[in-house]
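Heads up: the structure comes next, in structure tokens.
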Amino acid sequence: MTTYSAPLDDIKFLLNNVLEMPSISKLPGFEDATPDMVDAILNEAARFYGEVLAPTNKLADSQGSRLDGDRVVTAPALDGIYKQIVNAGWPGLTGSRDFGGQGLPMLLSVAVDEMSQSANMAFSLCPMLTKGVVTALNIYGSSDQKKMYLSNLISGAWSGTMNLTEPQAGSDLSAVKTKATLNGDHYLLSGQKIYITWGDHDFTDNIIHLVLARTPGAPEGVKGISLFIVPKFLINDNGEAGERNDVRCVGIEHKLGIHASPTCTLSFGEKDGAIGYLIGDENQGLVYMFAMMNEARLAVGLQGISVSERAYQQAVYFAKERVQGSTPDNKNTTIIHHPDVRRMLMTMRALIESGRALTYSAFMHEDYMHKSDNKERKTYHQRRIDLLTPLVKGWCTENSVEITSLGLQIHGGMGFIEETGAAQHMRDARILPIYEGTNGIQALDLVGRKLSRDKGKAAIELLEDLSLIVRDSRVAKLEVLANSLEASLAACKEAITILLTEGKQDWTIPCASAFNVMMLMGGTAAGAMLAKSAIVASNLNDKSSGNAIFNKNKILTAIFYAEQVMPRNTAYLEAIRAGSKSIMALDVKYF
Amino acid sequence: MKVLVAIKRAVDYNVKVRPNSDGSGVDLNNLKMSINPFCEIAVEEAVRLKEKGAVTEIIVVSLGPQKAQEQVRAALAMGADRGILIKIEETIEIEPLAIAKCLKIVCDEEKPDLVLMGKQSIDGDNNQTGQMLAALARYPQGTFASEVVIDNGSVFVTREIDGGLQTIKLALPAIVTTDLRLNVPRYASLPNIMKAKQKPIREITAEELGVDITSRVSIVSVSAPVGRPEGVKVGSVDELLDKLKNEAKVI
Numbered sequence: 037m038t039t040y041s042a043p044l045d046d047i048k049f050l051l052n053n054v055l056e057m058p059s060i061s062k063l064p065g066f067e068d069a070t071p072d073m074v075d076a077i078l079n080e081a082a083r084f085y086g087e088v089l090a091p092t093n094k095l096a097d098s099q100g101s102r103l104d105g106d107r108v109v110t111a112p113a114l115d116g117i118y119k120q121i122v123n124a125g126w127p128g129l130t131g132s133r134d135f136g137g138q139g140l141p142m143l144l145s146v147a148v149d150e151m152s153q154s155a156n157m158a159f160s161l162c163p164m165l166t167k168g169v170v171t172a173l174n175i176y177g178s179s180d181q182k183k184m185y186l187s188n189l190i191s192g193a194w195s196g197t198m199n200l201t202e203p204q205a206g207s208d209l210s211a212v213k214t215k216a217t218l219n220g221d222h223y224l225l226s227g228q229k230i231y232i233t234w235g236d237h238d239f240t241d242n243i244i245h246l247v248l249a250r251t252p253g254a255p256e257g258v259k260g261i262s263l264f265i266v267p268k269f270l271i272n273d274n275g276e277a278g279e280r281n282d283v284r285c286v287g288i289e290h291k292l293g294i295h296a297s298p299t300c301t302l303s304f305g306e307k308d309g310a311i312g313y314l315i316g317d318e319n320q321g322l323v324y325m326f327a328m329m330n331e332a333r334l335a336v337g338l339q340g341i342s343v344s345e346r347a348y349q350q351a352v353y354f355a356k357e358r359v360q361g362s363t364p365d366n367k368n369t370t371i372i373h374h375p376d377v378r379r380m381l382m383t384m385r386a387l388i389e390s391g392r393a394l395t396y397s398a399f400m401h402e403d404y405m406h407k408s409d410n411k412e413r414k415t416y417h418q419r420r421i422d423l424l425t426p427l428v429k430g431w432c433t434e435n436s437v438e439i440t441s442l443g444l445q446i447h448g449g450m451g452f453i454e455e456t457g458a459a460q461h462m463r464d465a466r467i468l469p470i471y472e473g474t475n476g477i478q479a480l481d482l483v484g485r486k487l488s489r490d491k492g493k494a495a496i497e498l499l500e501d502l503s504l505i506v507r508d509s510r511v512a513k514l515e516v517l518a519n520s521l522e523a524s525l526a527a528c529k530e531a532i533t534i535l536l537t538e539g540k541q542d543w544t545i546p547c548a549s550a551f552n553v554m555m556l557m558g559g560t561a562a563g564a565m566l567a568k569s570a571i572v573a574s575n576l577n578d579k580s581s582g583n584a585i586f587n588k589n590k591i592l593t594a595i596f597y598a599e600q601v602m603p604r605n606t607a608y609l610e611a612i613r614a615g616s617k618s619i620m621a622l623d624v625k626y627f
Numbered sequence: 062m063k064v065l066v067a068i069k070r071a072v073d074y075n076v077k078v079r080p081n082s083d084g085s086g087v088d089l090n091n092l093k094m095s096i097n098p099f100c101e102i103a104v105e106e107a108v109r110l111k112e113k114g115a116v117t118e119i120i121v122v123s124l125g126p127q128k129a130q131e132q133v134r135a136a137l138a139m140g141a142d143r144g145i146l147i148k149i150e151e152t153i154e155i156e157p158l159a160i161a162k163c164l165k166i167v168c169d170e171e172k173p174d175l176v177l178m179g180k181q182s183i184d185g186d187n188n189q190t191g192q193m194l195a196a197l198a199r200y201p202q203g204t205f206a207s208e209v210v211i212d213n214g215s216v217f218v219t220r221e222i223d224g225g226l227q228t229i230k231l232a233l234p235a236i237v238t239t240d241l242r243l244n245v246p247r248y249a250s251l252p253n254i255m256k257a258k259q260k261p262i263r264e265i266t267a268e269e270l271g272v273d274i275t276s277r278v279s280i281v282s283v284s285a286p287v288g289r290p291e292g293v294k295v296g297s298v299d300e301l302l303d304k305l306k307n308e309a310k311v312i
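Given below as structure tokens:
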């Protein structure tokens, strides 16, 4: 059973009742996002991605892509799919109306993107990266560059890629070596980039690469990196893809997962130099790339939710079908009646629903941030996005590995067999804690940039906002939620204090605790969002409004989270309290 | 040429329905509702005829509660031009004859050249409305269509009948009811979903049309089919024959 049906009930409840879709649709420019319109879009997206894209997932994984000369041939199962998606207009959902997009809120697109990523994660990386290129060009591109590229990128007629990594420059981009030399109105690039997702394929007429490179005499390190647009085909006078540029795919990787996504080695300038166009100013490349990367990090967190949801649906189906063993009341029962299977399913469910609420909330702040004309509110939302980004990316993707592994575990031996399809989700999920900045990097980003720089101000602000949920839980008579959240919030506060005080004396303490702090804060913030969902559900049931069964199940899931997942948070605090000593004690030479 | 497409809001075909606790009907609370699949095929056919240039305007009409507006909008997003919603109370179980009478009035007003509708709905499974409307409006009818070709004032309808395929020629205006193999409905594109919001939907009530929609049928009870009892393994052919003869009494 490898079908997928979008969790529309949860998504609609989240958008309309827990998060603030009704207020978002009142922001200038979002007037089209009325409740009936949002509903119609979600319904059709669910149908489209569930019926058209989802059935390709397993077959495309087993077929993979291959290299034919310097041309990537994509999995035959994907034939025609990309065109259908472009024709249906889905890539243009948030794109600027000036360039043919629909200009709809991110809070809506996050839901549609979740469906796309659940349907086929390896495939959906292609539109996801294109969207990132659109974001970077939107902010930093010149008006000519926007005119030349944005319409085709927003519609999906062309795709986009992100070229950062080189063999010696992974997490540390200061080591980038690709060269760019000024040559009239453009630059000539030469060098090799690796791990370029969807770096080449046969879906579109053109591929627009954004490439990090160094100009001659640029300062050392990250301060000497510039960002260039390198189209696969140069744009002719009619604005169409013309002559072939000097960039070629010279290899694709054999990977653990996301087989349908060609991971390319791109060689720039093997002949005369690849023609590239500078974005903004020289040496500002990393700043520009971060515009794309921050959004991509949230998108990767969303991928964690998406692949987990797919694994969950498959596990539920199996657990209801598979007859094995007995319970005191039932001979030869389906395995869903076994408490340990229930533990696994509930863990999956609670982590997904809480993570979905956390991730969607970050995208809601994006909408507010973009549309707010009040400077104070704008910076508030930006602060919140900055803080939530490593939590969404780090926490949701760490969990995706656990959740997809549980999904496989529920299948028992059959899960280990590829034909069952449960293993694919685990293989696919495994890249998520790695790409777009490993979770170690996310954790350092959290404790370094996001916690230390402002002395914990933004984090305390978040904790204070979340403490209102403790109060509301008590009002709604959901004591167990209130108590567990209160304890977790206190743990977060203590962890921040430890970092800010002891971190000053010993640099290894924040670095060694960073991961635990990220998991503690992610688990607390997501747990708070699930508690908030439960409060809303409880209030709706008190008013006999909404779907009573859904609401009740939401409360039960939140109680499970409070009792079975929240205790992890206090354990993280224990580890943080212990500091870095035992982590660093064993001498390097004895490893 | 003007086409009228009648559609019905019905429970989504993917949903497993259950009788409600008092056995008075099917529990539709919080279930996903969609355009009845055969009606969706009718909308798709109208849009294809328009794309071929055979049709200039598509009007979609539905009878149902206010919420049926969602289905009318969905048809507009597929490519229909405007909608008519004939509102009825959600609690009323409307029957084919009442629907046909309402549609007859719409036909009188709109004077379509062709009426396309699903051969039946997947909830009532009556397969009557199209035929009844044909009688009331005195239009020729082509039911169970698997191919529809408009040609010079008439329509050729290929019908799926027990013996194979039968093609008939009807003078327009005519009624065509659609079968499963006529086409595969499209997914609405995002820009068309957005555009559908601007398309007009006229709302009227059945009372305003002067149609008595009171139910003529009373439902005695609705119950789920009895589950299949556990089977037994027989030891020999003789035992099987014995059971068939004496227990099942089928031979």
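Heads up: the protein sequence lines correspond to chains A and B, in order. Sequential numbering of the first sequence, starting at 37, is according to the working numbering. Sequential numbering of the second sequence, starting at 62, is according to the working numbering. Don't be surprised by glycine CBs; every beta carbon is placed ideally from N, CA and C.
Rounded to the nearest angstrom, how far is the Cβ of residue i from that of residue j, given a contact under 8 Å?
i	j	result
A/Phe-551	A/Ala-479	4 Å
A/Thr-299	A/Tyr-231	6 Å
A/Asn-199	A/Lys-229	4 Å
B/Leu-243	B/Ile-102	5 Å
A/Ile-571	A/Ala-512	5 Å
B/Arg-134	A/Ala-76	6 Å
Tell me the DSSP secondary structure of residue i in three-state form.
i	result
A/Gly-443	helix
A/Tyr-313	strand
A/Asp-376	helix
B/Leu-194	helix
B/Leu-65	strand
A/Leu-224	strand
A/Trp-431	helix
A/His-417	helix
A/Ile-470	coil
B/Val-281	coil
B/Val-287	coil
B/Met-139	helix
Ignore the nearest five residues each way along the sequence and tell me which others in residue i's own chain have a CB closer than 8 Å to its CB.
i	result
A/Ser-154	Tyr-40, Ala-42, Tyr-85, Ala-90, Ser-342, Val-343, Glu-345, Arg-346
B/Asn-9	It is not possible to answer for residue 9 of chain B, since the shown part of chain B is limited to 62 through 312.
A/Ile-496	Lys-529, Ile-532
In chain order, what residues of the same chain lie with their CB nearer than 7 Å to the CB of residue i, ignoring the 5 residues before and after it?
i	result
A/Lys-529	Leu-499
A/Ala-459	Leu-444, Gly-451, Phe-452
Residues of chain A with CB under 7 Å from residue i, in chain order?
i	result
B/Ser-250	Asn-123, Ala-124, Gly-125
B/Asn-81	None at all; the shortest Cβ gap to chain A is about 14 Å.
Applying a beta-carbon distance threshold of less than 9 Å, which residues of chain B neighbour residue i?
i	result
A/Ile-77	Leu-251, Ile-254, Met-255
A/Glu-80	Ala-135, Ala-138, Tyr-248, Ala-249, Ser-250, Leu-251, Ile-254
Could you list which residues in chain A have their beta carbon closer than 9 Å to that of residue i, in chain order?
i	result
B/Lys-258	Asp-68, Thr-70, Asp-72, Met-73, Ala-76
Output, in chain order, the set of chain B residues within a Cβ distance shorter than 7 Å of residue i.
i	result
A/Asn-583	Asn-91
A/Leu-129	Leu-251
Ignore the nearest five residues each way along the sequence and tell me which others in residue i's own chain have a CB closer than 6 Å to its CB.
i	result
A/Thr-544	Ser-616, Met-620
B/Val-176	Leu-65, Ile-236
A/Ser-191	Gly-128, Gly-136
A/Val-109	Arg-102
A/Leu-322	Val-258, Ile-261
Please list the partners that residue i has in chain B, where partner means a Cβ-to-Cβ separation under 8 Å.
i	result
A/Arg-83	Tyr-248
A/Gln-138	Leu-251, Pro-252, Met-255
Would you say residue i lies against chain C (beta-carbon separation less than 8 Å)?
i	result
B/Ala-136	Chain labels in this structure do not include chain C; the protein chains are A and B.
Practice problem: Spell out a yes or no on whether the region 332-341 of chain A and the region 263-276 of chain A are touching, meaning 3 or more CB-CB pairs, one atom from each, closer than 8 Å. | Solution: no
Quiz item: How about the region 195-205 of chain B and the region 230-245 of chain B: do they share at least three Cβ pairs that are nearer than 8 Å?
Solution: yes
Exercise. Report yes or no: do the region 68-76 of chain B and the region 93-101 of chain B share at least 3 C-beta pairs separated by less than 8 Å?
Key: yes
Self-check item: Touch test, the region 460-479 of chain A against the region 424-432 of chain A, Cβ-Cβ under 8 Å, three pairs minimum
Solution: yes
Practice problem: Answer yes if the region 296-312 of chain A comes into contact with the region 360-371 of chain A, meaning at least three C-beta pairs across the two stretches below 8 Å, and no otherwise. | Solution: no
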